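*Asks:* Mind looking over this structure? Questions follow.
2 protein chains.
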Amino acid sequence: MNIFCDLDLSPAAKTLLEAGVAPHQVIYPAIRAGSVLAQAGFDPAVQAAEVAFGQPAVASVLAAGQLRWLQVASAGYTRFDTPDFRAAAARTGLQVTNSSTVYAGPCAEQVLAFMLAQARLLPAALRTQCGSGSPEWNALRSGCTMMGGQNVLLLGYGAIGIRLVELLRPFGLSMVAYRRRSRGDETVPVVTQAGLPTALAQADAVVNLLPDNPDSRHFFAAERFAQMKLGAVFYNIGRGTTVDQGVLFDALQSGRLAAAWLDVTDPEPLPPEHPLLRAPNCHITPHIAGGHYQEAESLVGHFLKNFERYQAGASLRDRVV
Amino acid sequence: MNIFCDLDLSPAAKTLLEAGVAPHQVIYPAIRAGSVLAQAGFDPAVQAAEVAFGQPAVASVLAAGQLRWLQVASAGYTRFDTPDFRAAAARTGLQVTNSSTVYAGPCAEQVLAFMLAQARLLPAALRTQCGSGSPEWNALRSGCTMMGGQNVLLLGYGAIGIRLVELLRPFGLSMVAYRRRSRGDETVPVVTQAGLPTALAQADAVVNLLPDNPDSRHFFAAERFAQMKLGAVFYNIGRGTTVDQGVLFDALQSGRLAAAWLDVTDPEPLPPEHPLLRAPNCHITPHIAGGHYQEAESLVGHFLKNFERYQAGASLRDRVV
Numbered sequence: 001m002n003i004f005c006d007l008d009l010s011p012a013a014k015t016l017l018e019a020g021v022a023p024h025q026v027i028y029p030a031i032r033a034g035s036v037l038a039q040a041g042f043d044p045a046v047q048a049a050e051v052a053f054g055q056p057a058v059a060s061v062l063a064a065g066q067l068r069w070l071q072v073a074s075a076g077y078t079r080f081d082t083p084d085f086r087a088a089a090a091r092t093g094l095q096v097t098n099s100s101t102v103y104a105g106p107c108a109e110q111v112l113a114f115m116l117a118q119a120r121l122l123p124a125a126l127r128t129q130c131g132s133g134s135p136e137w138n139a140l141r142s143g144c145t146m147m148g149g150q151n152v153l154l155l156g157y158g159a160i161g162i163r164l165v166e167l168l169r170p171f172g173l174s175m176v177a178y179r180r181r182s183r184g185d186e187t188v189p190v191v192t193q194a195g196l197p198t199a200l201a202q203a204d205a206v207v208n209l210l211p212d213n214p215d216s217r218h219f220f221a222a223e224r225f226a227q228m229k230l231g232a233v234f235y236n237i238g239r240g241t242t243v244d245q246g247v248l249f250d251a252l253q254s255g256r257l258a259a260a261w262l263d264v265t266d267p268e269p270l271p272p273e274h275p276l277l278r279a280p281n282c283h284i285t286p287h288i289a290g291g292h293y294q295e296a297e298s299l300v301g302h303f304l305k306n307f308e309r310y311q312a313g314a315s316l317r318d319r320v321v
Numbered sequence: 322m323n324i325f326c327d328l329d330l331s332p333a334a335k336t337l338l339e340a341g342v343a344p345h346q347v348i349y350p351a352i353r354a355g356s357v358l359a360q361a362g363f364d365p366a367v368q369a370a371e372v373a374f375g376q377p378a379v380a381s382v383l384a385a386g387q388l389r390w391l392q393v394a395s396a397g398y399t400r401f402d403t404p405d406f407r408a409a410a411a412r413t414g415l416q417v418t419n420s421s422t423v424y425a426g427p428c429a430e431q432v433l434a435f436m437l438a439q440a441r442l443l444p445a446a447l448r449t450q451c452g453s454g455s456p457e458w459n460a461l462r463s464g465c466t467m468m469g470g471q472n473v474l475l476l477g478y479g480a481i482g483i484r485l486v487e488l489l490r491p492f493g494l495s496m497v498a499y500r501r502r503s504r505g506d507e508t509v510p511v512v513t514q515a516g517l518p519t520a521l522a523q524a525d526a527v528v529n530l531l532p533d534n535p536d537s538r539h540f541f542a543a544e545r546f547a548q549m550k551l552g553a554v555f556y557n558i559g560r561g562t563t564v565d566q567g568v569l570f571d572a573l574q575s576g577r578l579a580a581a582w583l584d585v586t587d588p589e590p591l592p593p594e595h596p597l598l599r600a601p602n603c604h605i606t607p608h609i610a611g612g613h614y615q616e617a618e619s620l621v622g623h624f625l626k627n628f629e630r631y632q633a634g635a636s637l638r639d640r641v642v
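If you're matching them up, the sequences are chains A and B in order. Under my numbering, the first residue of the first sequence is numbered 1, with each subsequent residue one higher. Under my numbering, the first residue of the second sequence is numbered 322, with each subsequent residue one higher.
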């Protein structure tokens with residue numbers, strides 16, 4: 001069996017992958033993907049593979065008649081999340097999994113890092129050397145907010161949301177999750193479309209974990225920002241395309257929102273003249289939420305666990321198509 | 322009964338206090354303390370009080386023959402933590418409580434904010450607009466560390482440590498606390514003096530929660546920094562006096578420590594020319610760990626709960642002398 005992999009793996013991760021799939025062969029493209037987020041161009045090498053792991057282009061996958069399983073090396077899988085691709089995959093019996101198990105922990109920790117940095121006003125507090133009792137010090141001290149008692153609304157409840165709920169549990173805050181459909185197995189109360197305006201109006205923290213798909217584009221536009229509580233904080237580690245950034249900027253500038261913390265924007269990075277880069281209450285990191293030491297090894301480890309299941313004919317983890 | 326209070330209370334907090342102790346009287350000094358951390362000068366008004374709440378000077382307290390109970394409006398109570406004061410209090414039957422219950426939550430959240438900001442490299446990540454796949458982006462992404470699996474050593478295990486352990490629990494890390502004496506009721510394994518070098522050598526995160534007292538001054542000096550693991554991170558939200566800051570600077574500059582996060586320094590603020598202010602891996606906030614919205618109301622609420630116990634002759638919470 002040929003396993004196609006287009007990730008730019010470290011020597012250690014490459015050895016781990018090749019030893020893990022032996023006696024099967026790993027085949028590589030001529031040019032590797034530049035990062036786990038990058039999408040490769042058309043690659044005929046995929047056509048010789050039964051299994052693919054990485055970030056192949058949709059066209060490469062569709063042209064690969066022998067391909068039975070693709071594991072995407074990210075949590076996002078936007079380009080495969082279309083009716084056309086799903087129909088094609090159903091015809092050929094192709095399964096698609098993603099790597100959300102790998103990214104749930106670091107992404108949930110990134111959200112909590114954002115929430116606590118906001119609660120403790122770290123951006124301002126790290127910049128100042130003000131003395132005890134000064135007006136600036138009094139403003140910082142009394143401006144800090146306790147996590148306990150806050151209302152948190154999660155938009156999206158996949159692997160990241162589940163982990164985030166675990167991490168938030170001891171703070172004693174109130175949590176609710178928005179999903180298109182409740183499945184009944186969630187660890188927090190769920191609201192669907194009908195309950196969203198009320199949930200937005202009550203939330204002190206709105207945590208956007210939505211993936212990019214046709215339903216989620218500009219999910220946060222004028223109407224939803226207008227439904228939010230005055231002084232709420234907006235967090236986005238889903239995808240930048242889910243937010244109308246012009247409306248977000250207005251909400252930040254008017255003070256309607258107290259702050260925004262974004263790990264994702266549209267585009268990435270934002271052009272240097274983008275107004276969000278100059279909004280003092282907008283805090284942006286460059287799409288690093290999933291990153292962690294030995295990320296490639298984690299991705300390979302997750303792939304190998306699924307490879308074992310694939311060979312045993314068992315159901316695959318993180319199946320998305 | 323007269324209750325002396327030298328805190329600079331908001332009108333709401335003042336009303337809360339006065340209504341809470343009625344029909345007893347609250348008496349105020351001519352000049353209020355500038356902040357909950359400030360220490361007032363000698364104040365003869367304390368002499369008319371049975372109960373004091375705030376930050377009176379040691380001399381005022383010692384001169385107050387009718388005083389039976391003092392509640393200090395901070396977690397720190399250094400100036401009352403001396404053999405002389407303890408002996409005088411024992412002679413007159415004076416009880417001293419602090420406000421550590423009020424500060425446990427915000428201080429524990431400050432420590433976790435620091436730890437997660439370090440794990441997700443927020444100071445660097447918030448400054449850059451680097452693009453996916455760039456060398457800077459790769460370094461950030463792979464430089465992020467997961468909380469899970471880390472060894473955390475807490476120095477001090479009072480109210481803050483107990484709360485911090487609760488907040489850290491879901492991350493799946495390994496925790497150990499240093500105390501002078503184990504009491505057997507701790508929620509994590511405890512090491513005493515003998516076990517400290519090994520605990521320091523194993524810790525990825527060293528969290529200093531020690532109060533300022535003669536035993537803790539320069540507790541972190543050359544020897545203890547030398548015992549730490551290469552690349553460990555040092556957190557201090559105890560008191561600045563517990564650290565030899567020159568040695569800390571050297572450890573940060575040599576890379577022996579990966580980073581330090583300090584909410585307390587000695588003095589506060591550091592003079593503008595202090596080398597720690599220019600160390601890129603030293604992150605300093607201006608002693609705001611205890612701060613939170615409606616802090617004065619929290620302090621008054623905590624005092625009133627103890628006042629009820631005082632009147633009922635019950636044992637007081639947060640008793641320190």
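Here a beta-carbon is modelled for each residue, glycine too, at the ideal position from N, C-alpha and C. Note that this is a predicted model, so its numbers are computed, not measured.
1) Provide the residue span of the beta strand (DSSP E) that contains Tyr-499(B), from first to last.
2) Name the chain B residues that come within less than 8 Å of Pro-269(A), Cβ to Cβ?
3) Go through its chain and collect everything with a Cβ distance to Leu-591(B)'s Cβ below 7 Å, but skip five positions before and after it.
4) Just to confirm before moving on: does the CB-CB distance between Gln-548(B) and Ala-522(B) stay below 8 Å?
5) How many Å lie between Met-1(A) and Gln-118(A) at the Cα?
6) In whole angstroms, what separates the C-alpha of Arg-79(A) from that of Leu-442(B)?
7) Is Val-26(A) helix, strand or coil when you go by DSSP?
8) Give me the Cβ distance between Thr-101(A) and Leu-316(A), rounded to the nearest whole Å; I'm assuming they're in contact under 8 Å.
9) State the DSSP-derived secondary structure class of Asn-459(B), mapped to helix, strand or coil.
10) Answer with buried or exposed for Glu-223(A), where buried requires no fewer than 16 other C-beta atoms within 10 angstroms of its C-beta.
11) Which residue marks the beginning of the beta strand (DSSP E) containing Gly-561(B), and which one marks its end?
12) Would you please verify whether the beta carbon of Tyr-77(A) is less than 8 Å from any beta carbon of chain B?
13) So Ser-10(A) and Ala-296(A) are supposed to be a Cβ contact under 8 Å. How far apart are they, rounded?
14) Would you say Thr-101(A) lies against chain B (beta-carbon separation less than 8 Å)?
15) Measure from the C-beta of Arg-490(B) to each C-beta in chain A and report whether the shortest distance is under 8 Å.
16) Which residues in the same chain as Val-152(A) place their Cβ atom closer than 6 Å to its Cβ, once the five residues preceding and following it in sequence are excluded?
17) Using the rule of at least 16 other Cβ atoms within 10 Å of the residue's Cβ for burial, across every protein chain shown, is Ser-395(B) buried or exposed?
18) Between the alpha carbons of Pro-344(B) and Ala-232(A), how many angstroms are there, rounded?
19) Pro-280(A) CB to nearest chain B CB: under 8 Å?
20) Just reading off the beta strand (DSSP E) that Phe-53(A) is part of, what are its end residues?
21) In angstroms with no decimal places, state the Cα-to-Cα distance between Leu-485(B) and Gly-397(B).
22) Taking 7 Å as the cut-off, is the C-beta of His-613(B) nearer than that to any heavy atom in the ligand SAH?
23) As a quick exercise: from Glu-629(B), Asn-627(B), Leu-583(B), Leu-625(B), pick the residue whose alpha carbon is nearest that of Pro-607(B).
24) Is it right to say Gly-184(A) is buried, meaning 16 or more other beta carbons lie within 10 angstroms of its own, or is it exposed?
25) Does Tyr-293(A) come within less than 8 Å of chain B when only Cβ atoms are used?
26) Can you tell me the Cα-Cα spacing of Asp-533(B) and Phe-540(B), whole angstroms?
27) Would the beta-carbon of Pro-29(A) fall within 8 Å of that of Ala-45(A)?
28) Tell me, please, whether the stretch 445-458 of chain B touches the stretch 501-521 of chain B by the rule of three or more beta-carbon pairs shorter than 8 Å.
29) Taking the alpha-carbon of Gly-41(A) as reference, which of Glu-50(A), Gln-55(A), Ala-48(A) has the nearest alpha-carbon?
30) Specify, as a first and last residue, the run of the beta strand (DSSP E) that Thr-97(A) falls within.
31) Which of helix, strand or coil does DSSP assign to Val-58(A)?
32) Out of Ala-498(B), Cys-603(B), Val-379(B), which one is the CA nearest neighbour of Thr-403(B)?
33) Give the secondary structure of Ala-408(B) by DSSP, where H, G and I count as helix, E and B as strand, and everything else as coil.
34) Return no unless some Cβ of chain A is closer than 8 Å to the Cβ of Gly-482(B).
35) Looking at chain B, is there any beta carbon in it that lies within less than 8 Å of the beta carbon of Arg-239(A)?
*Replies:* Here's the rundown:
1) 495-499
2) Gln-450, Cys-451, Gly-452
3) Leu-597, Leu-598
4) yes
5) 50 Å
6) 30 Å
7) In the three-state scheme derived from DSSP, where H, G and I count as helix and E and B as strand, Val-26(A) is classed as strand.
8) That belief does not hold up - the Cβ atoms of Thr-101(A) and Leu-316(A) are roughly 11 Å apart, past 8 Å.
9) In the structure shown, Asn-459(B) falls within a helical segment according to DSSP collapsed to helix, strand and coil.
10) Counting Cβ neighbours within 10 Å, Glu-223(A) comes out exposed, since fewer than 16 surround it.
11) Segment: none, Gly-561(B) is in no beta strand (DSSP E) and carries neither H nor E.
12) No - not a single Cβ of chain B is within 8 Å of the one on Tyr-77(A).
13) The C-beta separation of Ser-10(A) from Ala-296(A) comes to about 5 Å, placing the pair in contact by the 8 Å criterion.
14) no
15) yes
16) So the list reads Leu-173, Met-175, Ala-205, once near-sequence residues are dropped.
17) Note on Ser-395(B): 16 or more other CB atoms within 10 angstroms of its CB, so buried under the neighbour-count rule.
18) Straight-line Cα distance between these residues: approximately 41 Å.
19) False, the Cβ-Cβ gap to chain B never drops below 8 Å.
20) 51-54
21) If you take the alpha carbons of Leu-485(B) and Gly-397(B), they lie about 18 Å apart.
22) For the ligand SAH, the structure offers nothing, since it holds no ligand at all.
23) Checked all of Glu-629(B), Asn-627(B), Leu-583(B), Leu-625(B); the closest Cα to Pro-607(B) is Leu-583(B).
24) Under this definition Gly-184(A) is an exposed residue.
25) yes
26) Their backbone Cα atoms lie some 10 Å apart in a straight line.
27) yes
28) No, they do not touch.
29) Gln-55(A)
30) 95-97
31) helix
32) Val-379(B)
33) helix
34) no
35) no
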